[in-house]
Amino acid sequence: MKKLIFLVAVLLFAFGILAVSVVRTVTIEGQSASQNYKITVPTATESVQKQETDYFLAYPGILPDHFLYPVKMIRDRIWLWLTVEPLEKAELMLLFADKRLGAGKVLIEGNKIDLGVSTLTKGEKYLQRAVSQEAIAREKKDTRALLEELSLAALKHEEVLLELQEKVSGEAKGTLGTILALTRQCQTQIKQALNE
Numbered sequence: 001m002k003k004l005i006f007l008v009a010v011l012l013f014a015f016g017i018l019a020v021s022v023v024r025t026v027t028i029e030g031q032s033a034s035q036n037y038k039i040t041v042p043t044a045t046e047s048v049q050k051q052e053t054d055y056f057l058a059y060p061g062i063l064p065d066h067f068l069y070p071v072k073m074i075r076d077r078i079w080l081w082l083t084v085e086p087l088e089k090a091e092l093m094l095l096f097a098d099k100r101l102g103a104g105k106v107l108i109e110g111n112k113i114d115l116g117v118s119t120l121t122k123g124e125k126y127l128q129r130a131v132s133q134e135a136i137a138r139e140k141k142d143t144r145a146l147l148e149e150l151s152l153a154a155l156k157h158e159e160v161l162l163e164l165q166e167k168v169s170g171e172a173k174g175t176l177g178t179i180l181a182l183t184r185q186c187q188t189q190i191k192q193a194l195n196e
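Residues 1 to 196 in the UniProt record's numbering are what the sequence shown lists, from first letter to last.
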């Protein structure tokens, strides 16, 4: 009997955390959806300066080197599993991609290069899956707004990856080059979809 009560309490706690996380993310996404995103194009005098994409990356939260990170991964997988609408699933995968990009950046800057590169790889795979989910959603709905957001996200991902590639050397630099190729492949798919 005590085991059953304990199990129910743990499950209620886990679903409570999941519900709070979903509500907070939906609130953050709702606020950012009302913002206008645009790509800044430098003028002739600014061409010497670094071009920066005007796109907000989500806060990564708990990093992969934290002991509670596996709980976060389980939560994310459950959240993804519970999301059945392809458009919402694509938005969720984009959120996960952005969070992993931010986490990878923090890890590399904190000199945890191997873990950072691994996290960046997972993030770009989420970006790739978001593009695939958008294609599925496009069959039934207008996804132009999501395509534009994916386009900006892919540009921001490329910008951050290029910046990080300058900070690492050796095998990590080569792996980041491979990750960049994935990002550029996503950009090509997004451009083709926007031109349809």
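Ideal Cβ positions, reconstructed from N, Cα and C, are used throughout, including at glycine.
Just so we're clear, the structure is a prediction, and the values are computed from it rather than from any experiment.
Check	Outcome
Cutting at 6 Å between CB atoms, please list the residues of its own chain near L194, excluding the five before and the five after it.	L147
Kindly give me the distance between the Cβ atoms of L164 and K122, rounded to whole angstroms, as I take these residues to be in contact under 8 Å.	Contact doesn't hold; Cβ gap of about 15 Å is too wide.
Got a sec, what are the start and stop residues for the alpha helix (DSSP H) M73 sits in?	Y69 to L82
Only counting the same chain, and skipping five residues up and downstream in sequence, which positions put a Cβ closer than 7 Å to that of L182?	E124 and Q128
Let me know if V71 comes out buried or exposed under the rule of 16 or more other beta-carbons within 10 Å of its beta-carbon.	exposed
Quick one: what does DSSP say T143 is sitting in, helix, strand or coil?	coil
Short of 6 Å in beta carbon distance, which residues of its chain neighbour G116, apart from the five on each side in sequence? Order them along the chain.	G104, L107 and I108
Identify, in the order they occur along the chain, each residue of the same chain with its Cβ nearer than 8 Å to the Cβ of D114, setting aside the five sequence neighbours on each side.	A172
Between the beta-carbon of D98 and the beta-carbon of A137, is there less than 8 Å?	no
Taking all protein chains shown into account, decide if E134 is buried (16 or more other Cβ within 10 angstroms of its Cβ) or exposed.	buried
Straight-line CA distance for M73 to I62?	10 Å
My understanding is that D65 touches K112, with C-beta atoms under 8 Å, so please give their C-beta distance in whole angstroms.	6 Å
Do you know offhand how far R184's Cα is from E85's?	26 Å
For Q155 versus T83, is the C-beta spacing smaller than 8 Å?	The question names Gln, yet the displayed sequence has Leu at residue 155. Cβ atoms of L155 and T83: not closer than 8 Å.
With a Cβ-Cβ cutoff of 8 Å, do L101 and L68 count as a contact?	no
Flag this pair as yes or no: are the beta carbons of I179 and L162 separated by less than 8 Å?	no
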